[in-house]
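Student: In my numbering, the protein residues as written are 122 to 203. Even for Gly, the Cβ is constructed at its ideal location relative to N, Cα and C. The structure presented is a predicted model; accordingly, all values stated were derived computationally and were not measured.
(1) In terms of DSSP beta bridges, what is residue 140 paired with?
(2) Which runs of the alpha helix (DSSP H), 4 residues or longer, sit entirely within the stretch 156–195?
(3) Note down, in chain order, each residue of its chain lying with its Cβ closer than 6 Å to the Cβ of residue 183, except the 5 sequence neighbours on either side.
(4) To the nearest angstrom, how far is it from the Cα of residue 197 to the Cα of residue 168?
(5) Does the Cβ of residue 158 have 16 or more other Cβ atoms within 10 Å, making it buried, or fewer, making it exposed?
Listed below in structure tokens is the structure:
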């Protein structure tokens, strides 16, 4: 197995061939987006959610998706083959 170019998280664990275990960046970004959407959807107070929607000028569902997109995009600038 080749170590991937685009990884997000590694730890001390290793695969059987000795390469470090990793979490691909695309999975990390998707995880982050999903968590952000759930926080906005289920953990903000109704008043906080309404203020967020008003601030963005978006519907509740669009605000939830926008927050997910922004959170999910947070590491894109770090993605490079270097």
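Tutor: On the basis of the coordinates in this document:
(1) The partner list for residue 140 (beta bridge, DSSP) is empty, contrary to what the question assumes.
(2) 167–177, 181–193
(3) none
(4) 31 Å
(5) buried
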